[in-house]
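K.L.:
Dropping the structure in here first, questions after.
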Amino acid sequence: MAFPFVQQREVYDRRILDLAPSGKSEVVTADQERLEVDSFARWRIVNPLRFYQAVRTEARARDRLTSLLEASLRRVLGSAQSSDIISGRRSALMNSIRSEMNREASALGIQVVDVKIRAADLPPANQERVFERMRSERQQAAASVRAGGDRQAQEIRGGADRERAKIIADSYNQDPDFAAFYRSMQAYEKALPAGTTIVTTPDSDFFRYFKSRRGGNGE
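Just so we're aligned, residue 0 is where the sequence shown starts under numbering that gives the first Met the number 0, counting upward by one.
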């Protein structure tokens, strides 16, 4: 059937299309570092009528999307730390960029399906300074973890020492004679070198504890 009022037909590709800007974008991060970002996006037409009314051709759509990608990169990455962009939470940042683009792309009848950051590089003059700062931050974090472990170990040792002292004190209170004997043995151990021969008489204080244990009173 012919429709005389239809003078022209537009056919649009509904497949997912690539958007690859020709150059890198320069971004200033939240910590005031300049990064050269290489990115691309994937998009598709989801509303042909709106697309026709807004941009009409794929070429014009690519121009608009390139501008949107550039602006979204600057907004999202401009609020992030350079370390997150270079080696950290890049996936979350890419999702935020895609969401930013879609807020405006929907008015064009377009859905941005994916955004990828292929590379985010420091200008050569800044690389060593930034990497040195990142190393320093990691070293500080590692030192903090080690310090926490040392404190915990000291607390455990202190608790064990207190428990040991309590057990010994309880034992001394229950058996004062043994406590006196044990202290004398410790004194001998500290005062005399290893292998020293002691000559003593049977009625010396050294044997008093043994006599009392056999039932005698040491006299």
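Where a beta carbon is used, it is the ideal one built from N, C-alpha and C, also for glycine.
(1) Suppose you measure from the CA of residue 145 to the CA of residue 157; what does that come to, to the nearest Å?
(2) Can you check DSSP and say which residues form a bridge with residue 115?
(3) With a threshold of 16 other CB atoms inside 10 Å of the CB of residue 147, please say whether the residue is buried or exposed.
(4) Go through its chain and collect everything with a Cβ distance to residue 68's Cβ below 6 Å, but skip five positions before and after it.
(5) Report all residues from its chain with a CB closer than 7 Å to the CB of residue 13; omit the five preceding and five following residues, and keep chain order.
(6) Between the C-alpha atoms of residue 16 and residue 58, what's the straight-line distance to the nearest angstrom?
(7) Could you pull out every residue in the same chain whose Cβ sits closer than 8 Å to the Cβ of residue 8, ignoring the five residues on either side in sequence?
(8) Are residue 26 and residue 92 closer than 8 Å when you measure CB to CB?
(9) Quick check: what's the CA-CA separation for residue 97 versus residue 161?
(10) Please report whether the beta-carbon of residue 56 lies at a distance below 8 Å from any beta-carbon of chain B.
(11) On the three-state DSSP scale, how would you describe residue 185?
(12) Inspect the CB distances between the stretch 114–124 and the stretch 29–37 and report whether three or more fall short of 8 Å.
(13) Closer than 6 Å by C-beta to residue 152: which residues in its own chain qualify, once you throw out the five before and the five after it? Chain order, please.
(14) Which of the three DSSP states, helix, strand or coil, is assigned to residue 24?
(15) Let's test the definition: count the other Cβ atoms within 10 Å of the Cβ of residue 90 and tell me whether it reaches 16, buried, or not, exposed.
(16) Kindly indicate which three-state DSSP category residue 151 falls into: helix, strand or coil?
(17) Helix or strand or just coil, what does DSSP make of residue 120?
(18) When burial is assigned at 16 or more other CB atoms within 10 Å of the CB, is residue 298 buried or exposed?
(19) Tell me which same chain residues have a C-beta within less than 7 Å of the C-beta of residue 113, skipping the five on either side of it?
(20) Cβ of residue 17 within 7 Å of any heavy atom in the ligand ATP?
(21) Going by DSSP, what residue range makes up the alpha helix (DSSP H) through residue 107?
(22) Identify which residue in 118, 103, 18 and 46 has its Cα closest to the Cα of residue 81.
P.N.:
A quick look at the data gives this:
(1) 18 Å
(2) 39
(3) exposed
(4) 40
(5) 43 and 44
(6) 12 Å
(7) none
(8) no
(9) 60 Å
(10) The structure shown contains no chain B; it holds only a single protein chain.
(11) helix
(12) yes
(13) none
(14) strand
(15) exposed
(16) helix
(17) strand
(18) Lying outside 0 to 218, the shown extent of the chain, residue 298 is not represented and no answer is given.
(19) 40, 41 and 97
(20) Questions concerning the ligand ATP fall outside what the structure shown contains, since it holds no ligand whatsoever.
(21) First-last for residue 107: undefined, no H or E at that position.
(22) 118
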